[in-house]
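K.L.:
148 is the number of the first residue of the sequence shown in the numbering used here; add one for each residue after it.
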Amino acid sequence: MVFDYSRDYRCPMFSTSPSSSSDCSDRSFEEDIELSRSELLLIAMNKRKALTASRRQNLRLEILHTDWT
Numbered sequence: 148m149v150f151d152y153s154r155d156y157r158c159p160m161f162s163t164s165p166s167s168s169s170d171c172s173d174r175s176f177e178e179d180i181e182l183s184r185s186e187l188l189l190i191a192m193n194k195r196k197a198l199t200a201s202r203r204q205n206l207r208l209e210i211l212h213t214d215w216t
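1. I need the straight-line Cα distance from Leu211 to Gln204, nearest angstrom please.
2. Return the CA-CA distance between Arg184 and Arg207, expressed in angstroms with no decimal places.
3. Ala191 to Glu209, Cα distance in whole Å?
4. Report the rounded CA-to-CA distance for Leu187 versus Asp214, giving the unit in angstroms.
5. May I ask you to report which of helix, strand or coil DSSP gives Thr213?
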């Protein structure tokens, strides 16, 4: 299942538009929120891995270019 960015996930009681008819206790609403949290966690983990790999690469380059004499 893919997160639908075109949908308005705000709770109607906090929404400024009176046309919002979805209920806060709606199961699909809760499932979508949980899905978006897990997707955000995956994105954060992937970025952290990328940063870690980048740091490792920078350390390798520093070691290679260090004058050890």
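Positions of the beta carbon are idealized from the N, C-alpha and C atoms, including for glycine.
P.N.:
The short version:
1. If I take the Cα positions, the gap works out to 11 Å.
2. The straight-line gap from Cα to Cα measures roughly 35 Å.
3. So the alpha carbons of these two residues sit roughly 27 Å apart.
4. Each residue's Cα considered, the two are about 42 Å apart.
5. Thr213: coil per DSSP, three-state reduction.
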